[in-house]
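Shown next, in structure tokens, is the structure this report addresses.
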Amino acid sequence: MNTLKIAIQKSGRLNEDSLKILKDCGISVDNGNDQLKATASNFPLEILFLRNSDIPQYLIDGVADIAIVGDNLLVEKGGAIEVVEKLGFSKCKVSIAVPKTVSYNSIEDLDGKRIATSYPNTVLNHFKSKNVNVEIHQISGSVEIAPNIGLSDAIVDIVSTGSTLFKNNLKEVEVILKSEAVLAASPNLSEEKKVLLDKLIFRIQSVLEARKSKYILMNVPNNKIQEISSILPVLKSPTVLPLAEEGWSSVHSVINDDQFWEVIDQLKNAGAEGILICPIEKMVL
457 MNTLKIAIQK SGRLNEDSLK ILKDCGISVD NGNDQLKATA SNFPLEILFL RNSDIPQYLI
517 DGVADIAIVG DNLLVEKGGA IEVVEKLGFS KCKVSIAVPK TVSYNSIEDL DGKRIATSYP
577 NTVLNHFKSK NVNVEIHQIS GSVEIAPNIG LSDAIVDIVS TGSTLFKNNL KEVEVILKSE
637 AVLAASPNLS EEKKVLLDKL IFRIQSVLEA RKSKYILMNV PNNKIQEISS ILPVLKSPTV
697 LPLAEEGWSS VHSVINDDQF WEVIDQLKNA GAEGILICPI EKMVL
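Under the numbering used here, read the sequence shown as residues 457 to 741, first letter to last.
This is the structure:
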């Protein structure tokens, strides 16, 4: 029987989030004693725990069939690797930062300057597209210290909260790209393994839909059902069940998390009462 090999980061937040989405997909993984390889007990999946920066090459070589990885890393090293699903977590930016004391008006201010980064290909391609020439100093870690020790005039690095930049007297001045975790596939994937991948993608999409949705139910006067239904951003139409109290019904639907408070206010103003919101574990469309 074919087994799909998935590479994930061996430690850190991306590791935790990757294992969580697999668990939410109903896939059981026992990674006791910090193993570098584990097998799922209820899905034909083998998990490889790898150093993050090595994952794109493992995909290109076909050692791993798929991977959960930041798409910023694929931009830097990925080549022909296909992104098959955006996962919506581990969001960050790859940004240009300069010392706080430096005046910055546009990217042209960095023409001829020294840039320290762990993403040389991304940086060179970006500055080349802007017709700006820079000198790259590739650093594998602690990029933020480079301007303070005179190694560079600016840096390009991952920014999440900006607190690390602030501590090192730097300021973010421009975003090169926005990144999030993605499910990526090897260009060498066999047809048999593509079938398994499709099954996994179906589960992941169901989990992602559930994460951004909530189940909503409320009591509504019967003469307000049509108005309430027009407010609800439903999949098809709301479920309406009669209540024991004459003239009232219970209306059930699904609401997008992003629209939550705006829609709730509209529902209350339209006459809905006893509104309950529940999380959704899975959502199959």
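Even glycine gets a Cβ: it sits at the ideal position worked out from N, Cα and C.
query	result
Residue ranges of each alpha helix (DSSP H) within the region 587 to 658, 4 or longer	619 to 623
Minimum Cβ-Cβ distance from Ile711 to chain D less than 8 angstroms	Going by chain labels, chain D is absent from the structure shown, which holds only one protein chain.
Ser706 and Asn675 closer than 8 angstroms at C-beta	yes
Cut-off 8 angstroms between Cβ atoms - residues of its own chain near Glu729, not counting five sequence neighbours on either side	Met674, Asn675 and Val676
Close beta carbons around Gly468, own chain, < 8 angstroms, minus the five adjacent residues each side	Asn508
As assigned by DSSP and simplified to three states, the class of Glu665	helix
Alpha-carbon to alpha-carbon, Ser685 and Val525	40 angstroms
contact_flag[the region 639 to 653, the region 532 to 542] where n(CB pairs < 8 angstroms) is 3 or more	yes
CB of Ile563 within 8 angstroms of CB of Val612, strictly	no
Cα-Cα separation between Glu718 and Asn678, rounded to whole angstroms	23 angstroms
Integer-rounded CB distance, given that Pro500 should sit under 8 angstroms from Leu652	6 angstroms
CA-to-CA distance, Leu580 to Ile592, given in whole angstroms	8 angstroms
Arg570 (DSSP reduced to helix, strand or coil)	strand
Leu506 beta carbon less than 8 angstroms from that of Lys466	yes
Rounded C-alpha distance that separates Lys479 from Gly518	25 angstroms
Contacting residues, own chain, Cβ-Cβ under 7 angstroms from Glu628 (five flanking each side not counted)	Ser551, Ala553, Val615, Gly618 and Leu621
CB contact flag (Asp714, Val638, <8 angstroms)	no
Val742 versus Val631 - alpha carbon distance	The requested residue 742 does not occur in the structure, where the chain is confined to residues 457 to 741.
Closest Cα partner of Glu600 within the set Lys623, Pro694 and Asn458	Lys623
Nonlocal neighbours in the same chain, by C-beta distance under 7 angstroms from Asn665, ignoring five residues either side	Here residue 665 is Glu; the residue named in the question, Asn, does not match the sequence. Excluding sequence neighbours, Glu665 sits near Met739 and Leu741.
Beta carbon of Val531 nearer than 8 angstroms to that of Thr578	yes
Backbone secondary structure at Glu701 - three-state DSSP	coil
Which of helix, strand or coil DSSP assigns to Ile736	coil
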